[in-house]
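In what follows, a single structure is set out as structure tokens and then discussed.
Numbering (the UniProt record's numbering), first residue to last: 1 to 73.
Structure (structure tokens):
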């Protein structure tokens, strides 16, 4: 697995070390998970922005969505 090096502000490193201690995981695991989650969110945002720009993609009205969700109860 390739390795990268980065610089972190002291307070971020302290938070990372505390999280690693509490979760009983390595700092590398936490950083890896955080990057993966960030990239998943980025992908979701990218897809959403593309769909907003697509004139053929239907737009759902909030009231219709709300009615549909409430009808499931």
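Cβ atoms here follow ideal geometry from the backbone N, Cα and C, with glycine treated the same way.
Spatial distance of residue i from residue j (CA atoms)
{"i": "residue 27", "j": "residue 53", "result": "39 Å"}
{"i": "residue 50", "j": "residue 56", "result": "11 Å"}
{"i": "residue 48", "j": "residue 59", "result": "11 Å"}
{"i": "residue 43", "j": "residue 13", "result": "26 Å"}
{"i": "residue 61", "j": "residue 34", "result": "33 Å"}
{"i": "residue 22", "j": "residue 8", "result": "20 Å"}
Contact check, residue i vs residue j, beta carbons under 8 Å
{"i": "residue 19", "j": "residue 4", "result": "no"}
Cβ of residue i within 8 Å of any chain D Cβ
{"i": "residue 11", "result": "Absent from the structure is chain D; it holds one protein chain and no more."}
8 Å Cβ shell around residue i - same chain, five flanking residues per side excluded
{"i": "residue 70", "result": "none"}
{"i": "residue 10", "result": "none"}
{"i": "residue 74", "result": "Residue 74 cannot be examined here, being either before or after the span of the chain that is shown, 1 to 73."}
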